[in-house]
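Numbering (the numbering used here), first residue to last: 9 to 123.
Report on the structure given below.
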């Protein structure tokens with residue numbers, strides 16, 4: 009499984025961004041996809057997951073502001089981020105978990121929110 013994340017950038021506080029994560033390879037084996045983020049010196053942080061059936065789960069810090077979606081026909085996952093805050097600044101990574109419990113990561117995309 010290969011994952012390609014895109015859509016990061018610089019935005020002012022209160023603004024919006026949409027991240028995309030395109031999957032390729034053994035996509036039939038993907039069960040859960042998700043987004044994580046990391047700032048220097050800290051562990052990678054869970055943001056959200058979405059199953060192949062569309063069930064979602066969110067970290068409390070992003071509930072009500074971020075929305076994950078998945079287009080299975082395009083093998084792509086999205087993260088709509090609204091009401092962005094400076095503390096959302098991080099490198100965002102997409103993740104795929106397969107039915108055999110293997111984890112795959114995309115290359116990361118930088119999101120910077122200015123105050």
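Cβ atoms here follow ideal geometry from the backbone N, Cα and C, with glycine treated the same way.
Are the CB atoms of residue 87 and residue 76 within a distance shorter than 7 Å?
yes
Give the straight-line distance between the Cα atoms of residue 114 and residue 20, rounded to the nearest whole angstrom.
25 Å
Give me the Cβ distance between residue 83 and residue 31, rounded to the nearest whole Å; I'm assuming they're in contact under 8 Å.
5 Å
How close, in whole Å, do the beta carbons of residue 45 and residue 98 come, if the pair is a contact with beta carbons under 8 Å?
4 Å
Sequence-distant residues of its chain with Cβ nearer than 6 Å to residue 16 (five each side left out):
117, 118 and 119
Identify, in the order they occur along the chain, each residue of the same chain with its Cβ nearer than 8 Å to the Cβ of residue 94, setting aside the five sequence neighbours on each side.
21, 121, 122 and 123
If you check the beta carbons only, do residue 112 and residue 9 fall under 7 Å apart?
yes
Would you call the CB atoms of residue 104 and residue 38 closer than 7 Å?
yes
Using the Cβ count rule (16 or more neighbours within 10 Å means buried), how would you classify residue 42?
buried
Could you tell me if residue 107 is buried or exposed, where buried requires 16 or more neighbouring beta carbons within 10 angstroms of its beta carbon?
exposed
Identify whether residue 96 lies in helix, strand or coil by the three-state DSSP scheme.
helix
Going along the chain, which unbroken runs of the beta strand (DSSP E) with 3 or more residues stay wholly within the stretch 12–68?
17–20, 25–32, 38–46, 53–59 and 64–66
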